[in-house]
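Peer 1:
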């Protein structure tokens, strides 16, 4: 935790918060803070800054906060992601929050196992928990927007064209395609497939919605690694 | 598992192997193979190709293999990595094997907790297990070399200059440094620090050994994410 994130409900005054949950434990056991110490804090959806520990005991901590800095800029990106398997999904939520992705659309694909859609990790509270871990890691306060699209065709035909309009539309896909571009400044819409990849019909539909295939070489990366590698190369 | 890796001991003839372990289970339960089916295989340290299932029952599988393709090229890189915490270490072994890193030096740093050196995940068999999972993911047969250097100063002063000679020497480090270069063709020696980063004295010693700091922006990445992001950007 490189940034302690504050919820609206933590505030007892404009510049005072009281914490009682895992953040209290973390302050005591990992950061080993004492009264008078300072730490980095941020208000979810708002500014970042610092806090001073006013009071700290086994049950709660009271902090005085000064919030005076904007969070880091997000990437100019919408990420379309075939739903990963549940264990990977949790890490992907952390990773996208860490890397500064502002919007992720989780979409079905022929090679996504139907059972993946049943995972409790897709419930809003579970998604938010992982996103917050990612924001705490990277020092950011703005939660990425996560959109769930259980049907591929209606999403790609009816809603994706409006998302990709005015952006560079790309699909990460192995094969005889142009190499993924580097160091872009322009906005991007990027689609990343499931384990096993998109099927040709999906590539065709994504193409009609303005997304063209690019490749990263012959190695086959796990989804989390592919997300990081593609974003590090694009921006 | 995108490539089934074969050990020397699996071969009962020049082109025949018998499998009995987790690979047999994987063939049956994940790939659902039957007699006559083909799958991708590779010989650890050697060529890749395909195999035909000759015989398959609950206790063993016999395959006829044709090995006729070289594995993918490795990156022109030596990666110097401050020892990550054990849970992260296992994933990092998989990640470096997946990305095609040929050599990793795990080194101590002021901010590496001493207890991390006691982890069973540093035993040769445990390292090899994770590297093989990474090679199976990416379709490669060549195990990366893993070197363990428990003392920072003797390694950096006595052995690192010979490693970095004739390469571009870089240290991934947050701060007011040049931006990490992109799309290199030349060989690189890259050092990545622990959670919390290298201390100034370490940056100074790495600089004397020919490694200069470069940064990836203000976000703070986990080690595994930083490794992937730096390599995707460099090559």
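Protein chains in written order, with this note's numbering: chain A, 19 to 253; chain B, 19 to 253. Backbone N, C-alpha and C define an ideal beta-carbon position, used for all residues, glycine too.
Since residue 116/B meets chain A, which of its residues come closer than 9 Å, beta carbon to beta carbon?
Peer 2: Within 9 Å Cβ-Cβ: 237, 238, 239, 240, 243.
Peer 1: Find the nearest neighbour of residue 161/B within the set 168/B, 84/B, 91/B, 58/B, judged by alpha-carbon distance.
Peer 2: If we check each option's Cα against that of residue 161/B, 91/B comes out closest.
Peer 1: At the level of alpha carbons, what is the spacing between residue 117/A and residue 253/A?
Peer 2: C-alpha separation (whole angstroms): 11 Å.
Peer 1: Is residue 239/A near the ligand ZN - that is, is its Cβ less than 7 Å away from at least one heavy atom of it?
Peer 2: The ligand ZN is absent from the structure shown, which contains no ligand whatsoever.
Peer 1: Does residue 212/A come within less than 8 Å of chain B when only Cβ atoms are used?
Peer 2: Cβ-Cβ to chain B under 8 Å: no for residue 212/A.
Peer 1: Rounded to a whole number of angstroms, what is the C-alpha to C-alpha distance between residue 113/A and residue 235/A?
Peer 2: Distance between the alpha carbons of residue 113/A and residue 235/A: 22 Å.
Peer 1: Between which two residues does the alpha helix (DSSP H) holding residue 182/A run?
Peer 2: Its alpha helix (DSSP H) spans residues 178 to 182.
Peer 1: Which residues of chain C have a Cβ atom closer than 9 Å to the Cβ of residue 126/A, listed in chain order?
Peer 2: Absence of chain C from the displayed structure is noted, the protein chains being A and B.
Peer 1: Tell me the rounded alpha-carbon separation between residue 237/A and residue 21/B.
Peer 2: The straight-line gap from Cα to Cα measures roughly 11 Å.
Peer 1: Between residue 209/A and chain B, is any beta-carbon pair separated by less than 8 Å?
Peer 2: Not closer than 8 Å to any Cβ of chain B, the Cβ of residue 209/A fails to qualify, so no.
Peer 1: Taking contact to mean at least 3 C-beta pairs separated by less than 8 Å, is the region 236 to 251 of chain A in contact with the region 40 to 48 of chain B?
Peer 2: With a cut-off of 8 Å, the region 40 to 48 of chain B and the region 236 to 251 of chain A do not count as touching, because too few Cβ pairs lie within range.
Peer 1: For residue 56/A, list the residues DSSP reports as bridge partners.
Peer 2: Paired residue(s): 70/A.
Peer 1: Measuring alpha carbon to alpha carbon, tell me which residue in 57/B, 74/B, 130/B, 165/B is nearest residue 146/B.
Peer 2: The shortest Cα separation from residue 146/B among 57/B, 74/B, 130/B, 165/B belongs to 165/B.
Peer 1: What are the residues of the region 193 to 204 of chain B that lie near chain A, defined by any Cβ-Cβ distance shorter than 7 Å?
Peer 2: Within the region 193 to 204 of chain B, the residues whose Cβ lies closer than 7 Å to some Cβ of chain A are 200, 201, listed in chain order.
Peer 1: Could you check where the beta strand (DSSP E) with residue 190/B kicks off and where it finishes?
Peer 2: Element bounds for residue 190/B: 186 to 190.
Peer 1: With a cut-off of 8 Å, does the C-beta of residue 246/A fall near any C-beta of chain B?
Peer 2: Cβ-Cβ to chain B under 8 Å: yes for residue 246/A.
Peer 1: Going by C-alpha to C-alpha distance, which of 224/B, 83/B, 152/B sits closest to residue 183/B?
Peer 2: Answer by Cα proximity: 224/B.
Peer 1: May I ask you to verify whether the region 127 to 137 of chain A touches the region 211 to 229 of chain A, counting CB pairs closer than 8 Å and requiring at least 3?
Peer 2: Yes, since at least three Cβ pairs between the region 127 to 137 of chain A and the region 211 to 229 of chain A fall closer than 8 Å, the two stretches touch.
Peer 1: Go through its chain and collect everything with a Cβ distance to residue 70/B's Cβ below 6 Å, but skip five positions before and after it.
Peer 2: Closer than 6 Å at Cβ, skipping near neighbours: 56, 82.
Peer 1: If you reduce the DSSP assignment to three classes, tell me which class residue 167/A lands in.
Peer 2: Correct three-state label for residue 167/A: strand.
Peer 1: By how many angstroms is the C-alpha of residue 31/A removed from the C-alpha of residue 148/B?
Peer 2: About 50 Å.
Peer 1: Taking 8 Å as the threshold (C-beta atoms), are residue 139/B and residue 192/B in contact?
Peer 2: Result no, Cβ atoms of residue 192/B and residue 139/B do not sit closer than 8 Å.
Peer 1: For residue 157/B, which residues in chain A fall below 9 Å Cβ to Cβ?
Peer 2: Per Cβ cutoff of 9 Å: 236, 237, 238.
Peer 1: Are any of the Cβ atoms in chain B nearer than 8 Å to that of residue 251/A?
Peer 2: At least one chain B Cβ lies under 8 Å of residue 251/A.
Peer 1: Can you name the start and end residues of the alpha helix (DSSP H) that residue 92/A belongs to?
Peer 2: It is not in any alpha helix (DSSP H) - residue 92/A carries neither H nor E in the DSSP assignment.
Peer 1: Between the region 20 to 32 of chain A and chain B, which residues of the former have a C-beta closer than 8 Å to a C-beta of the latter?
Peer 2: So the close ones are 20.
Peer 1: I need the straight-line Cα distance from residue 203/B to residue 141/A, nearest angstrom please.
Peer 2: Distance between the alpha carbons of residue 203/B and residue 141/A: 44 Å.
Peer 1: Who are residue 101/A's beta bridge partners in DSSP?
Peer 2: Answer by DSSP bridge pairing: none, since residue 101/A is not bridged.
Peer 1: Considering only their Cβ atoms, is the gap separating residue 95/B from residue 208/B smaller than 8 Å?
Peer 2: Yes. Within cutoff.
Peer 1: What do you get for residue 60/B, buried or exposed, if any count of 16 or more other CB atoms within 10 angstroms of its CB means buried?
Peer 2: Under this definition residue 60/B is a buried residue.
Peer 1: Say whether chain B places a C-beta atom closer than 8 Å to the C-beta of residue 90/A.
Peer 2: So yes, residue 90/A belongs to the interface.
Peer 1: DSSP state of residue 212/A, grouped into three classes?
Peer 2: Correct three-state label for residue 212/A: coil.
Peer 1: Does DSSP put residue 158/A in a helix, a strand or coil?
Peer 2: Looking at residue 158/A - three-state DSSP - the assignment turns out to be coil, as it is neither helix nor strand.
Peer 1: Residue 230/A and residue 187/A - do their beta-carbons sit closer together than 8 Å?
Peer 2: Cβ atoms of residue 187/A and residue 230/A: closer than 8 Å.
Peer 1: I'd like to know whether the C-beta atoms of residue 120/B and residue 93/B end up nearer to each other than 8 Å.
Peer 2: Yes, Cβ-Cβ distance for residue 120/B and residue 93/B is below 8 Å.
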